[in-house]
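Here's the structure we're looking at; comments come further down.
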Amino acid sequence: MSYLSLTDADREQMLATIGVSSVDDLFRDIPAGVRFERELDVPPALTEAELQRHMEELAAKNVVDEICFLGAGIYDHYVPAVVDAVLQRGELLTAYTPYQPEMSQGVLQAIFEYQTAICELTGMDVSNASGYDGTTVAADACFVAKHATGRSKIVVTEATSPQVRQVVKTYAPGFGLEVVEVPHEGGATDPDRVRASADGAAAVIFQQPNFFGVLESAPELAAAASDAGAMPIAHVDLVSLGVLEAPGAYGCAMAIGEGQSAGNAMSYGGPHYGFLAARNDYVRRLPGRIVGETVDADGNRGFVLTLQTREQHIRREKATSNITTNQTLLALAGLVHLSLLGPQGLRELGETCMALAHHAKTELQAAGFELAFPERATFKEFAVRTGRNAREALTRARARGVYAGYPLGRDYPGLDDALLVAVTEKRTVDEIARLVEALA
Amino acid sequence: MPASESYPDDLLYHPEHDWARIEGDEATLGVTWFAQDALGELVHYEAPDVGSTVTRGSSYGEVESVKAVSDLISPLSGEVLEVNEKVVDAPETVNEDPYGEGWLIRIRLSSPDEREQLLSLDDYRKVLAEA
Amino acid sequence: MKLIYEKSQPGRRGIGVPGTEGLEVPDVPAELRRETPPRLPEIAEPEVLRHFTELSTRNFGIDTGFYPLGSCTMKYNPRVNERLVGLPGFAQLHPLVEDDAAQGALELEWHLQQILLEVTGLDAVSLQPAAGSQGELTGLMLFHAYFRDRGEDDQRRKVVIPDTAHGTNPASVTMAGYELTPVKTDARGNIDVEDLRGKVDEHTAGLMLTNPSTLGLFDENIEQIGRIFHDAGALMYYDGANLNAVCGISRPGDMGFDVVHINLHKTFSQPHGGGGPGGGPIAVRDILEPFLPVPIVARDGATFRLDYDRPKSIGKVRAFSGPFGVFVRSYAFMRSYGPGLREMSEVAVLNANYLLAKLKGAYELPYERLCMHEFVLSARGLKREHGVSALDVAKRLMDYGFHPPTIYFPLVVPEALMIEPTESEARETLDAFCEAMLAIAREAVDEPEVVHSAPHSRPVRRLDEVRAAKNPVLRFRFEDHPEEQGAGDRQLEAQKGA
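Chains A, B and C, in that order, are what the protein sequence lines are.
Per the numbering used here, the very first residue in the first sequence carries number 1; after that it's consecutive.
Per the numbering used here, the very first residue in the second sequence carries number 1001; after that it's consecutive.
Per the numbering used here, the very first residue in the third sequence carries number 2001; after that it's consecutive.
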């Protein structure tokens, strides 16, 4: 096996040093009744060249050449080459969590820079080092809210991603939380209905832009939550935050979201990263790793994992979360991408997505299609009625080489004819013309 | 500068390394030299609210060092009259002066008889010998 | 070295974005429009690459050198796996495509499940959990679902965990809404069976156990422990953190466990990435299969699909079917070894015992037994005699070019040094590490100050963690750096003018 170094002579010598006569002797503490006595029944070993071919064959069975208008939480944004170059640095790729800061200043500084970027984008005071994805950070936020407010109800808008809502509902019973959903009205959430539901709630979670791509009256939703003493929590898209207001600016207590849009390939759903940022009031309740600045014995700036007494390895059953890892490498990808964009690039990226999506809307309407929520302003995604069952419409479009969107009937009864269409900066006017043709 | 080891004989002790100084129907509470030494330099004091109730044997707050966290176990029951804001602002005060400037809360006793269940210095020294 | 924000200059940019020529940019309603731009860095592409390259030089990975961090299984991460995960057929695949567009991905996931079933000796798999800790929580949710189905959930509130456990186990128990019942370790490093007997009854939901334990010791009474729990109608959870010791040698299912999580980033070589990503699939016995998260990868003859039609499922613990890129790497790793996964574990255990044999004279060995894939030494003697702590030894190892072991864990061993070499290392590397450890033990006697003040060779000296915790600075403060603040203001002006 090429990943193992020991020769037969090495093994003999090492066994002699240990004082046993065979490798089997090393396992003498394992009771006979639980020893596995046959060979593992797994596929045979492959050489690297064979492995490459096998995996290429598997990859070729996936369809990735259809023009992608599919979003619904994961988006086909461009990932710059520099991101790949940075992520392939072995010192970063193959390092563990930076427990030993003197060995890990690279990763620690990168996380500190990432935390800064997330705070800047969301308008929050403090960010953790990232969470698993955009769904689990929502569950984490519920845990924070429960302990910060002492309340046991979570309000989440129905226009929040179904994946996020499902994960929150899965976690809630263990946290002792009840989950209440506020229905959307014509693709957006009515602040008065939030206000009514928020009474006695620990938090109100809403998405901006929401799952339908619609711009919610986010400041009013946040105010409705705050009025009831609930923590307003916005689930946001990093790519939107060059053009859309930061949640911190309209009174949110926390901002969370899926970070894939910045720096990460779609990769059939992961690994990606979720971001979680909050006001200073909640810093000691945050889950996951946090990096802080300090100085070394010579007075030079350095970085360490800090406020670790929140964490499971110290606080054990009283920890703020059971999380041990974060998603450093994927968050680093986000940081590199955001650094390449800068403030101007991020704003342009948002504007281009909006302009292309607006163009697609206009062209579809010109071709006779109705928008599901025609009155609503949207960002990079919108719902269109296809005039037939949306899955059928999708099948027809795919036959013409266009993956036209996400059939909303999967999660929203009554929208069986609607496709959620996402338009990133990678799409072109010509591709949008093909979308219109494919759906006709 | 950390204090050097000492255990005043005018205090009553709890086996979880807490002390109480009783004056009339009030008591001042803190942690012993042993407790602060075991934790190391304190970086955070999570104090109770003034007016809240503390119960003998239960946690009323937490102190944290970089790598450890410890519940503060109340040796007596009562109502919190005052929190030592100096320790909130500068938790290392506990390391420097655990029985003086580094006190943690002052309470009005609700069950003054509980003092009978606390340890004298001699009894507390036996606890320390086993620790 | 400077932060990337300190290298920012107004007007620079690193990458272009397709423009909006000929398109209408719709207005954002005024109350939703961003007025103050985020102070992201403004840097050209070459300097961005150099910045992160310089950061990488201030970091240490497995690619750099030996990384015997106990319980973390820092093994070689094959480079071919990085190439494979980047294949467009994998990287460009959207997670919500119809199953017919993802047949390759689903086939890979299905084969990965089959291999995990064989290695664990169990009946069904969910690939969804994003890490070991999430696998734990998912497993405990399955406990609840199973007992709820049997009408016993209100009665069974307690989960037993030994005092050697990783901190995640008790934290997961709390997050899942259970109560913790701790159990002691006996003089041989096994669970104290007598202590255990008194703690398992009709109120017990189950056990969480790492085997081999965090002491690197295989619990010799595991069959007896299994009977105690199963006779009480309780379930057994296997924390797979130490699975690298026993692949093809002993299977959790055969040991009596009902749920297992597998750390793909440990045993199956997903790179740790400075703290993530990971993958924490769980394998379960058939009685728990109905409750697994949705979706499950199912096979119908030659085609594969995601099965959402599972009425008793606990729901979803993460988006989509799981961290697919991790599956690509781990599956590739498994295919590189084939049945040789057993040899992988054998060599990991051989390497650990070799280090143990060479080091136990100079450091205290709390449990005088052969170890599995890792072992725990104590620097208690060095601390008592010479004032040199486990932390000092760890920092001094850096000067010898090694990443330190895990220190101060498990909690049952004072001044613990927890060493896990993995199968990846050459004998020469193990020898060099031993020489360094022995040299440090001598230095502790002869020149303890050198050890106390280590490291001497890293980009920074020892860092003031008290200061970091007492006065948390958790983001770059532009306001403390007037130059950058000026840049931010100019940025704002530029954007307002635009």
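Just so it is clear, CB atoms sit at the ideal spot from N, CA and C, and this is done for glycine as well.
Quantities reported herein were computed from a predicted structural model and do not represent experimental measurements.
One or two residues paired with residue i in a DSSP bridge
i	result
residue 127/A	277/A
residue 1082/B	1106/B
residue 1014/B	1018/B
residue 371/A	384/A
residue 257/A	275/A
residue 2296/C	2307/C
residue 1073/B	1059/B
residue 185/A	188/A
residue 2182/C	2161/C
residue 207/A	235/A
residue 2033/C	244/A
residue 2208/C	2237/C
residue 403/A	68/A
Listed by chain order, chain B residues near residue i by CB distance under 9 Å
i	result
residue 309/A	1043, 1044, 1062, 1064, 1065, 1066, 1067, 1068, 1069
residue 442/A	Shown here, chain A extends from 1 to 440; a query on residue 442/A therefore has no answer.
residue 2124/C	Near residue 2124/C there are no residues of chain B at all, since even the closest Cβ is about 39 Å away, more than 9 Å.
Residues that residue i contacts on chain A, provided the C-beta gap is smaller than 7 Å
i	result
residue 2168/C	312, 322, 324
residue 2392/C	Result: empty, since nearest Cβ-Cβ is about 13 Å, beyond 7 Å.
residue 2058/C	105, 106
residue 2076/C	3
residue 2261/C	Ordered by position in chain A, no residue passes the 7 Å Cβ test against residue 2261/C, which lies about 12 Å from the chain.
Endpoints, alpha helix (DSSP H) assigned at residue i
i	result
residue 2470/C	2465-2470
residue 348/A	328-366
residue 13/A	8-18
residue 54/A	48-60
residue 2348/C	2341-2359
residue 2419/C	Taken as a continuous stretch (DSSP letters only), residue 2419/C belongs to no alpha helix (DSSP H), being part of the beta strand (DSSP E) at 2416-2419.
residue 2056/C	2045-2057
Interface residues of chain B facing residue i [CB-CB closer than 7 Å]
i	result
residue 2466/C	1041, 1043, 1066
residue 2245/C	Per Cβ cutoff of 7 Å: no residues; residue 2245/C is ~28 Å from chain B at best.
8 Å Cβ cut-off: residues of chain B touching residue i
i	result
residue 2205/C	The contacting residues do not exist; residue 2205/C stays about 25 Å from chain B at best.
residue 2416/C	Those do not exist, as residue 2416/C stays about 13 Å from chain B at its closest Cβ, beyond 8 Å.
residue 2395/C	Within 8 Å Cβ-Cβ: nothing; residue 2395/C doesn't reach chain B, min ~15 Å.
Within chain C, partners of residue i - CB distance below 8 Å
i	result
residue 351/A	2020, 2025
residue 193/A	Chain C residues near residue 193/A: none, gap ~19 Å exceeds 8 Å.
Span of the beta strand (DSSP E) around residue i
i	result
residue 2238/C	2235-2240
residue 2082/C	No beta strand (DSSP E) contains residue 2082/C, which is instead part of the alpha helix (DSSP H) from 2079-2085.
residue 420/A	418-422
residue 2375/C	2375-2378
residue 2162/C	2158-2162
residue 1124/B	That residue, residue 1124/B, is in no beta strand (DSSP E); its alpha helix (DSSP H) goes 1121-1130.
residue 2141/C	Element bounds for residue 2141/C: not the beta strand (DSSP E) but the alpha helix (DSSP H), 2132-2149.
residue 2175/C	No beta strand (DSSP E) contains residue 2175/C, which is instead part of the alpha helix (DSSP H) from 2168-2175.
residue 292/A	291-295
Within chain C, the residues that residue i reaches when beta carbons sit closer than 7 Å
i	result
residue 169/A	2315
residue 212/A	Near residue 212/A there are no residues of chain C at all, since even the closest Cβ is about 15 Å away, more than 7 Å.
Neighbouring residues, chain A, relative to residue i (Cβ below 9 Å)
i	result
residue 2254/C	33, 34, 35, 36
Partner residues on chain A for residue i, Cβ-Cβ distance less than 8 Å
i	result
residue 2413/C	Neighbours of residue 2413/C on chain A: none; closest Cβ ~15 Å, over 8 Å.
ask   = Of the residues that make up the region 271-297 of chain A, which ones have a beta carbon closer than 8 Å to any beta carbon in chain B?
value = 284
task = Please name the residues in the region 2422-2451 of chain C whose beta-carbon is closer than 7 Å to at least one beta-carbon of chain A, in chain order.
result = 2423, 2424, 2425, 2426, 2427
key: chain C contacts made by the region 11-23 of chain A, where a contact means CB separation under 9 Å   = Here the close residues are 11, 13, 14, 15, 17, 18, 19, 20, 23.
message = What are the residues in the region 2338-2361 of chain C lying within 7 Å of chain A by C-beta distance?
response = 2338, 2339, 2340, 2341, 2342, 2343, 2346, 2347, 2349, 2350, 2353, 2354, 2357, 2358
Residues of the region 133-161 of chain A with Cβ closer than 9 Å to any Cβ of chain C, in chain order = 133, 134, 135, 136, 139, 143, 161
query = When you check each C-beta in the region 2031-2043 of chain C against every C-beta of chain A, which residues fall closer than 7 Å?
reply = 2031, 2032, 2033, 2034, 2037, 2038, 2039, 2040, 2041, 2042, 2043
task = Return the residues of the region 2174-2201 of chain C that lie within a Cβ-Cβ distance of less than 7 Å from chain A, sorted by chain order.
result = 2174, 2175, 2176, 2177, 2180
request  = For the region 2132-2163 of chain C, enumerate the residues whose C-beta is nearer than 8 Å to any C-beta of chain A, in chain order.
outcome  = 2132, 2133, 2134, 2136, 2137, 2140, 2141, 2144
request  = Name, going along the chain, the residues of the region 2280-2298 of chain C whose beta-carbon falls closer than 7 Å to a beta-carbon of chain A.
outcome  = none
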